[in-house]
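Below you'll find the structure, written out as structure tokens, and then a few comments.
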Amino acid sequence: MAALAGDGLVRVDFPGNVAGPLVARVSLGLERAVLVRAAAERHGAILLFENGDPRLPMLVGLVAPTSATPLIDAVLERSLEEVPKEARVDGRRVVIEGRDEVVLRCGKATLTLRRNGEVVLRGLNIRTEADGIQRIKGGKVQIN
């Protein structure tokens with residue numbers, strides 16, 4: 001499809017046409033928005049010619065363009081809401097959330113990272129190891 005003119009007329013062009021885009025009658029009940037998009041995206045047109053005359057085209061269908069990257073197109077069309085908020089790895093649960101906090105949980109151990117910068121580490125036994133110097137730095141350090 002070549003264009004949709006301001007007057008609402010559909011113009012088409014096709015191989016062998018030396019006259020330039022021609023006004024075509026439309027046999028489809030398509031909304032204007034569909035025709036505008038088809039023209040903008042250069043969709044193919046299925047044409048018949050009235051009485052076999054190539055000067056009298058009739059639009060009887062539209063051909064959606066095929067994408068060279070259909071898988072990428074499908075992924076990009078998915079909304080963020082469809083993205084899973086939980087993942088299962090080897091049958092064990094791993095929860096990762098991001099806007100307000102990230103929680104890593106395994107059994108009785110939990111690591112929580114909060115948006116405000118707070119880090120909460122919970123567990124029955126907590127061990128930290130360092131090959132070099134281990135420093136604890138904070139505005140205030142409380143033990144027990």
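Residue 1 is where the sequence shown starts when you use UniProt numbering, and the numbers rise one by one after that. Backbone N, C-alpha and C define an ideal beta-carbon position, used for all residues, glycine too.
**OP:** Could you spell out the range, first to last residue, of the beta strand (DSSP E) harbouring Ile-46?
**Re:** 44-49
Subject >> DSSP-derived helix/strand/coil call for Val-103 >> reply: strand
Original post:
Considering Pro-57, what are the terminal residues of the beta strand (DSSP E) in which it resides?
Top reply: 57-63
**OP:** Mind checking which residues open and close the beta strand (DSSP E) that includes Leu-76?
**Re:** That residue, Leu-76, is in no beta strand (DSSP E); its alpha helix (DSSP H) goes 70-77.
Original post:
Does DSSP put Ala-3 in a helix, in a strand, or in coil?
Top reply: strand
Original post:
For the region 55-68 against the region 17-34, are there 3 or more C-beta pairs whose distance is under 8 Å?
Top reply: yes
Original post:
So what does DSSP say about Ala-39, is it helix, strand or coil?
Top reply: helix
Original post:
residue 148 by DSSP, collapsed to three states: which one?
Top reply: Residue coverage of the chain in this structure runs from 1 to 144, which leaves residue 148 outside it and unanswerable.
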